[in-house]
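Heads up, the thing below is written out as structure tokens.
Residue numbers (the UniProt record's numbering): 1 to 392.
Here it is, written out as structure tokens:
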């Protein structure tokens with residue numbers, strides 16, 4: 001009986017131990033998002049960590065950083081130093097075990113060094129990553145947010161390119177005294193292509209020495225909407241606080257005098273501000289047009305207009321359009337289609353045109369009345385409105 005009792009006690013203890021083991025927490029490997037939050041401007045040996053994402057560098061066109069792949073997952077990216085980096089193509093989905101590797105900023109580039117080829121596995125191919133539109137000043141001031149990810153940056157090349165100047169080398173884009181580089185290797189397939197005055201340049205945002213930022217395009221297809229240079233005083237970022245006014249009111253801004261109706265220039269945390277601290281906020285449930293209207297012409301016409309727009313706070317969407325006048329505001333014509341896809345994340349809208357006479361523009365938020373199950377008429381934010389000179 002004593003032996004049998006001892007057996008029962010041993011079995012009970014074993015069951016108790018097994019039950020406790022089920023409750024022991026074994027942490028998962030750190031993800032890319034969590035790895036980035038660990039970095040505090042000091043070198044770090046990573047704990048158990050695994051990076052999964054899509055390769056956004058393109059070795060085939062020669063404008064990548066040799067010996068590295070850049071991997072992006074969601075809004076986070078990382079450079080991986082890898083001896084067989086050339087084995088991975090743009091759009092490959094990969095998983096990399098980076099446990100015990102060094103997370104560091106080397107030559108300005110945030111990276112994980114010394115990843116062994118055996119620890120990187122290709123999962124699939126042909127994946128696409130959507131670039132985030134960002135202004136030069138915003139990119140410079142928020143490097144940690146955008147580095148090692150795919151971006152689309154709109155800007156003038158500064159100084160203005162000479163006739164016949166190509167992409168090859170290090171070019172500059174400047175906004176509000178902030179500067180980022182557009183770098184093209186002499187070995188790239190598009191180094192000899194002509195450099196436009198202004199365009200949307202898509203590429204990988206990389207940290208460089210002295211806290212700088214550079215953009216590396218992947219191919220010539222990463223250039224969109226080439227145009228003349230932005231007019232002085234633009235982009236207009238509406239940096240002035242004005243409360244809601246239902247009727248007309250006028251505001252003097254760096255780009256000139258503007259006329260507003262049923263709107264305000266606001267800076268609450270729910271406003272979708274792209275640069276600076278303020279944006280236009282048009283009212284909701286309006287039954288007549290809300291507008292922001294230039295009171296002066298740009299003198300030589302326009303090749304392009306760009307504007308950022310967003311859905312205010314938790315409001316429903318809205319409908320707006322760009323209009324232009326070539327008779328000093330006596331009559332207005334619509335440019336392009338109605339815009340109905342505002343979201344909480346600001347979007348960049350680009351209008352290409354060839355106007356060769358003095359012209360002014362306005363944003364017209366349509367008066368659709370009270371929002372219902374079938375009508376969306378929430379508040380709308382507008383920011384960083386820019387007009388570009390004719391393309392020579």
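The C-beta atom is built at its ideal place from N, Cα and C for all residues, glycine as well.
Checklist entry - Can you give, in chain order, each stretch of the beta strand (DSSP E) that sits fully within the region 249-314 and has at least 3 residues? => result Runs of the beta strand (DSSP E) inside the region 249-314: 256-266, 279-282, 290-294, 302-311.
Checklist entry - Could you give the C-beta distance for residue 287 and residue 369, rounded to a whole number, given that I count them as a contact under 8 Å? => result As a first step, residue 287 is located in the chain shown; it is residue number 287 there, counting from the start. As a first step, residue 369 is located in the chain shown; it is residue number 369 there, counting from the start. Contact holds; Cβ gap of about 5 Å.
Checklist entry - Do residue 283 and residue 309 have their C-beta atoms closer together than 8 Å? => result By one-based count along the chain shown, residue 283 stands at place 283. By one-based count along the chain shown, residue 309 stands at place 309. 8 Å or more divides the Cβ of residue 283 from the Cβ of residue 309.
Next on the checklist: Let me make sure I understand the geometry here. Which of 121, 105, 90, 257 has the alpha-carbon closest to that of residue 50?
Outcome noted: Residue numbering aside, residue 50 sits at position 50 when the chain shown is read from its first letter. Relative to residue 50, the option among 121, 105, 90, 257 whose CA is nearest is 121.
Checklist entry - Looking at C-alpha atoms only, which residue of 289, 82, 131 is the closest neighbour of residue 117? => result As a first step, residue 117 must be located in the chain shown, where it is residue number 117. Ranking the options by Cα distance to residue 117, first place goes to 82.
Next on the checklist: Suppose you measure from the CA of residue 22 to the CA of residue 177; what does that come to, to the nearest Å?
Outcome noted: Position 22 of the chain shown holds residue 22. Position 177 of the chain shown holds residue 177. Since pLDDT at residue 22 reaches only 37, below the 50 mark, its modelled position is unreliable, and no value is offered.
Checklist entry - Under a three-way DSSP split, which group does residue 136 fall into? => result In the chain shown, counting from the first residue as 1, residue 136 sits at position 136. Here residue 136 sits in helix by DSSP.
Checklist entry - Does DSSP put residue 184 in a helix, in a strand, or in coil? => result Here residue 184 refers to the residue found at position 184 of the chain shown. Judged by DSSP in its simplified three-state form, residue 184 adopts strand.
Item to check | Residue burial classification, residue 372 (beta-carbon count within 10 angstroms, cutoff 16) | outcome: Against the chain shown, residue 372 aligns to sequence position 372. By the beta-carbon neighbour count (other beta carbons within 10 angstroms, threshold 16), residue 372 is exposed.
Checklist entry - Given residue 318, which residues of its chain have a CB within under 7 Å of its CB, disregarding the five upstream and five downstream residues? => result Position 318 of the chain shown holds residue 318. Result list for residue 318: 342, 365, 376, 377, 378, 380, in chain order.
Checklist entry - Does the beta-carbon of residue 345 have 16 or more other beta-carbons within 10 angstroms, so that it is buried, or is it exposed? => result Mapped onto the chain shown, residue 345 falls at position 345. Exposed, since its Cβ has fewer than 16 Cβ neighbours within 10 Å.
Checklist entry - Going along the chain, which unbroken runs of the beta strand (DSSP E) with 3 or more residues stay wholly within the region 141-214? => result Segments of the beta strand (DSSP E) lying fully in the region 141-214: 149-156, 169-175, 178-184, 198-208.
Item to check | Span of the alpha helix (DSSP H) around residue 34 | outcome: Locating residue 34 in the chain shown gives position 34, counting from the first residue. From DSSP, the alpha helix (DSSP H) with residue 34 extends over 32-38.
Next on the checklist: Give me the DSSP bridge partner(s) of residue 320.
Outcome noted: One-based indexing of the chain shown puts residue 320 at position 320. In the DSSP output, where bridge partners are listed per residue, residue 320 has 339, 365.
Item to check | Inter-residue Cα distance where the pair is residue 164 and residue 139 | outcome: Translated into positions along the chain shown, residue 164 becomes position 164. Translated into positions along the chain shown, residue 139 becomes position 139. Cα-Cα distance, rounded: 28 Å.
Item to check | Backbone secondary structure at residue 354 - three-state DSSP | outcome: Start at 1 with the first residue of the chain shown, and residue 354 comes out as number 354. In this structure, residue 354 counts as strand in the three-state DSSP scheme.
Checklist entry - When the Cα atoms are used, what is the spatial distance from residue 458 to residue 382? => result Residue 458 cannot be examined here, being either before or after the span of the chain that is shown, 1 to 392.
Checklist entry - Mind checking residue 187: buried by the 16 CB within 10 Å criterion, or exposed? => result For the purposes of this step, residue 187 is taken as the residue at position 187 of the chain shown. Label assigned to residue 187: exposed.
Checklist entry - Is there contact here, the region 131-150 with the region 60-73, by at least three beta-carbon pairs under 8 Å? => result Counting Cβ pairs under 8 Å, three or more are found: they touch.
Item to check | Coil, strand or helix - residue 377 by DSSP | outcome: Residue numbering aside, residue 377 sits at position 377 when the chain shown is read from its first letter. In the structure shown, residue 377 sits in coil (DSSP, three-state: anything other than H, G, I, E or B).
Next on the checklist: Cutting at 8 Å between CB atoms, please list the residues of its own chain near residue 66, excluding the five before and the five after it.
Outcome noted: Locating residue 66 in the chain shown gives position 66, counting from the first residue. Here the set comprises 85.
Next on the checklist: Can you tell me which residues form a DSSP beta bridge with residue 245?
Outcome noted: In the chain shown, counting from the first residue as 1, residue 245 sits at position 245. DSSP lists 263 as the bridge partner or partners of residue 245.
Checklist entry - If you compare alpha carbons, which of 153, 38, 64, 169 is closest to residue 224? => result Walking along the chain shown from the start, residue 224 turns up at place 224. Among 153, 38, 64, 169, the Cα nearest to that of residue 224 belongs to 153.
Checklist entry - In whole angstroms, what separates the C-alpha of residue 203 from that of residue 38? => result The residue you call residue 203 lines up with position 203 of the chain shown. The residue you call residue 38 lines up with position 38 of the chain shown. Their backbone Cα atoms lie some 26 Å apart in a straight line.
Checklist entry - Helix or strand or just coil, what does DSSP make of residue 48? => result Reading the chain shown from its first residue, position 48 is the one you call residue 48. Residue 48: coil per DSSP, three-state reduction.
Checklist entry - In three-state terms, what does DSSP make of residue 224? => result Here residue 224 is taken as the residue at index 224 of the chain shown, counted from 1. In the structure shown, residue 224 adopts extended strand secondary structure according to DSSP, grouped into three states.
Next on the checklist: Once DSSP output is grouped into helix, strand and coil, what is the label at residue 85?
Outcome noted: Your numbering for residue 85 matches position 85 in the chain shown. Secondary structure at residue 85: helix, using DSSP grouped into helix, strand and coil.
Checklist entry - Going by the CB atoms, is the gap between residue 170 and residue 181 shorter than 8 Å? => result For this step, residue 181 is matched to residue 181 along the chain shown. For this step, residue 170 is matched to residue 170 along the chain shown. Taking the C-beta atoms as reference points, residue 170 is found nearer than 8 Å to residue 181.
Checklist entry - When DSSP labels each residue in this structure, what does residue 394 get in the three-state scheme? => result Beyond the ends of the chain as shown, which are 1 and 392, falls residue 394; an answer cannot be given.
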